[in-house]
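Structure record follows, encoded as structure tokens.
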Amino acid sequence: MFSKASATLLLMLLGVSALLLAGAEGGKDRHKDPRVFDAKPSDAEHEDDDDDETESGGDDHHDDDKHGEEGDDDDHHDSKYDHESFLGREESHKFDEMSPEESKEKLTALIGKIDTNNDTKVSPEEMQAWLAAVAKGERTRAAESRFHNLKATVNAKDLDSPLTLEEYKQAIHHEIIGDEPTDKSAQETYNTQMVRDQARWLKADADGDKLLNKTEFADFLHPEEAPSMKDIVIQETMMNTDKNKDGKIDLNEFMKDLHPEYENDVKNKKKLPDWVEAEEKQFKEKLDINKDGSLDPNEVYKWIVPDDFDHSHRETKHLFKITDENKDNALTKDEILKKWETFVGHQATNYGNFGSHDEL
Ligand SMILES: *[C@@H]1O[C@H](CO)[C@@H](O)[C@H](O)[C@H]1NC(C)=O
Ligand SMILES: *[C@@H]1O[C@H](CO)[C@@H](O)[C@H](O)[C@H]1NC(C)=O
Ligand SMILES: [Ca+2]
Ligand SMILES: [Ca+2]
Ligand SMILES: [Ca+2]
Ligand SMILES: [Ca+2]
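In our numbering, each number is its position in the sequence shown, counted from 1, plus 750.
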């Protein structure tokens, strides 16, 4: 299995992300790479409007290793994750309000849609295409919501007109600094972010009119999802991690943010924590593809956006493992309906209140 840093992604700090980072640094994930985050359906939450703060604590539910080999398939948080992956967040909430009968009925109708070649079975390809489409819809929805949110912050008349850089800066200034212009560290956070964001803005502005429409803004928000943003993903990663600015990331640089004492510990032959050794191994055996001891730009990109970056592969496997009873690599309607609660929720389900803040 992958180690933590590989299974997660570079943290592309954005407007609201100061909050996010604060959350990621707390609790059991204290050793988690502060540069990384999980690109999961529920990440959309962070671009959402005002419920960010109440929800950010729930992020731990969506760790990649949740779907590890042990297969904790009945875990309640996993159900929520599966439902959101399968339906999208809003739609999954609707199912949560339905009676079991209605929920199953709607699921049956969905199976027909997922089975695009009409052979009455859902193949892995069909399932994956479905999950990818759902995820894309979630990202678009989240980007649009963030877009409107920024526009509203600067009292724009037309919430749908393309965003100017001035509007963006003003909105982020308001979010980070607000009415506390004397807060030095907030000022620094803002300045650092604007340096990064201006470069990213230029790249996301595909037609060069200096404005970001919603499509361009989605690329701006999630450069790791857009092949056209590859250069900027590499550039931002290097900016953070290539401390000696030689255009490569060596092992010490890679480990520094994860475990600041790394270089000294190695020098002093101190026993490293297991998770640090796992990251080391990850760097040497997986990320450094050509084994020359450092990550060049292409290796950096593969680190941030690995081939299995798209969670729909993993989620498809997970769903098949649970549902494909006769192991013929196809899901019949009966197989899906037998495990219907894996795919959709219903009214009697109360996992939503487990451990996290309720949303009411
Ligand atoms: C499957 O059925 C749907 C609706 O009945 C139809 O629109 C679609 O074209 C069919 N697809 C194929 C590949 O036959
Ligand atoms: C935004 O602009 C791009 C060109 O940069 C264009 O391809 C895209 O369709 C536009 N999107 C919207 C929603 O207008
Ligand atoms: Ca099919
Ligand atoms: Ca533009
Ligand atoms: Ca370097
Ligand atoms: Ca290398």
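Don't be surprised by glycine CBs; every beta carbon is placed ideally from N, CA and C.
| Is it right to say V1094 is buried, meaning 16 or more other beta carbons lie within 10 angstroms of its own, or is it exposed? | Along the sequence shown, one-based indexing puts residue 1094 at 344. Only buried fits V1094, as 16 or more other CB atoms lie within 10 angstroms of its CB.
Tell whether a beta-carbon distance below 8 Å holds between R839 and A968. Within the sequence shown, residue 839 is the residue found at index 89, counting from 1. Within the sequence shown, residue 968 is the residue found at index 218, counting from 1. Going by beta carbons, R839 and A968 fall outside the 8 Å limit.
Fill in: Under the three-state DSSP convention, the category T858 falls into
The count along the sequence shown starts at 1 and reaches residue 858 at position 108. Note: T858 maps to helix in three-state DSSP.
**Asked** How long is the line joining the alpha carbons of L1069 and P874, rounded to whole angstroms?
**Response** As a working mapping, residue 1069 is identified with position 319 in the sequence shown. As a working mapping, residue 874 is identified with position 124 in the sequence shown. C-alpha separation (whole angstroms): 9 Å.
D828 versus E1065, H1096 and K1083, residue with shortest Cα-Cα distance: Position 78 of the sequence shown, counted from the start, is the residue given in the question as residue 828. It is E1065.
At a cut-off of 7 Å, is T890 close to ligand 1 when judged by its beta-carbon and the heavy atoms of the ligand?
Sequence index remark: in the sequence shown, residue 890 carries index 140 (1-based). Checking every heavy atom of ligand 1 against the Cβ of T890, none is found closer than 7 Å.
Between the CA atoms of A883 and L900 - distance to the nearest angstrom: Taking the sequence shown and counting its residues from 1, one reaches residue 900 at position 150. Taking the sequence shown and counting its residues from 1, one reaches residue 883 at position 133. In a straight line, the C-alpha of L900 is about 26 Å away from that of A883.
Cβ of E975 versus every heavy atom of ligand 3: is any distance shorter than 7 Å? As a first step, residue 975 must be located in the sequence shown, where it is residue number 225. No.
> Beta-carbon separation of Y918 and V983 under 8 Å?
Replying inline: In the sequence shown, counting from the first residue as 1, residue 918 sits at position 168. In the sequence shown, counting from the first residue as 1, residue 983 sits at position 233. Not a contact, by the Cβ cut-off of 8 Å.
Q: Report, in whole angstroms, the separation of the C-beta atoms of F845 and H1096, which I expect to be a contact under 8 Å.
A: To locate residue 845, count along the sequence shown from 1; it is residue 95. To locate residue 1096, count along the sequence shown from 1; it is residue 346. Right, their Cβ atoms sit about 7 Å apart.
Would you report the Cα separation of N963 and L881, rounded to the nearest angstrom?
Here residue 963 refers to the residue found at position 213 when the sequence shown is read from its first residue. Here residue 881 refers to the residue found at position 131 when the sequence shown is read from its first residue. The straight-line gap from Cα to Cα measures roughly 26 Å.
| query | Are the beta-carbon atoms of T1092 and T870 separated by less than 8 Å? | reply | Counted from its first residue, the sequence shown places residue 1092 at position 342. Counted from its first residue, the sequence shown places residue 870 at position 120. Result no, Cβ atoms of T1092 and T870 do not sit closer than 8 Å.
**OP:** Can you check the stretch 854-939 for any alpha helix (DSSP H) of at least 4 residues that lies completely inside it and give the ranges in chain order?
**Re:** Those alpha helix (DSSP H) runs which fall completely within the stretch 854-939 and span 4+ residues are 874-903 and 915-926.
Open item on the list: Cutting at 8 Å between CB atoms, please list the residues of its own chain near D955, excluding the five before and the five after it.
Closed with: Here residue 955 corresponds to residue number 205 of the sequence shown, with the count starting at 1. Same-chain partners within the cutoff: L961, L962 and E966.
Problem set entry | Any non-hydrogen atom of ligand 2 within 7 Å of E1177 CB | Since the displayed the chain opens at 751 and closes at 1110, residue 1177 lies outside it and no answer follows.
Looking at M1005: is its Cβ nearer than 8 Å to the Cβ of E1030? Here the question's residue 1005 lines up with position 255 in the sequence shown. Here the question's residue 1030 lines up with position 280 in the sequence shown. Yes; because the gap between Cβ atoms is below 8 Å, this pair is in contact.
Report the rounded CA-to-CA distance for W1025 versus L1008, giving the unit in angstroms.
Locating residue 1025 in the sequence shown gives position 275, counting from the first residue. Locating residue 1008 in the sequence shown gives position 258, counting from the first residue. In a straight line, the C-alpha of W1025 is about 10 Å away from that of L1008.
**Q.** Chain-ordered residues, beta carbon under 6 Å from a heavy atom of ligand 3
**A.** Residues flagged by the Cβ proximity filter: D865, N867, D869, K871, V872, S873 and E876.
From the DSSP output, read off the bridge partner residues of D1000. On the sequence shown, position 250 is the one that residue 1000 refers to. DSSP output for D1000 lists S1044 as bridge partner(s).
Next on the checklist: Quick check: what's the CA-CA separation for M848 versus E841?
Outcome noted: By one-based count along the sequence shown, residue 848 stands at place 98. By one-based count along the sequence shown, residue 841 stands at place 91. If I take the Cα positions, the gap works out to 11 Å.
I'd like to know if the stretch 990-998 and the stretch 909-926 are in contact, where contact means that at least 3 CB-CB pairs between them fall below 8 Å. The answer is no - the stretch 909-926 does not touch the stretch 990-998, with fewer than three Cβ pairs under 8 Å.
Given 7 Å as the limit, tell me if L1045 has its C-beta closer than that to any heavy atom belonging to ligand 6. If you number the sequence shown from 1, residue 1045 lands on position 295. Flag set: Cβ of L1045 near ligand 6.
How many angstroms separate the CA atom of A774 from the CA atom of A936?
-> Numbered from its first residue, the sequence shown carries residue 774 at position 24. Numbered from its first residue, the sequence shown carries residue 936 at position 186. With a pLDDT of 32 at A774, under the threshold of 50, the modelled position of this residue cannot be trusted, and the question is left open.
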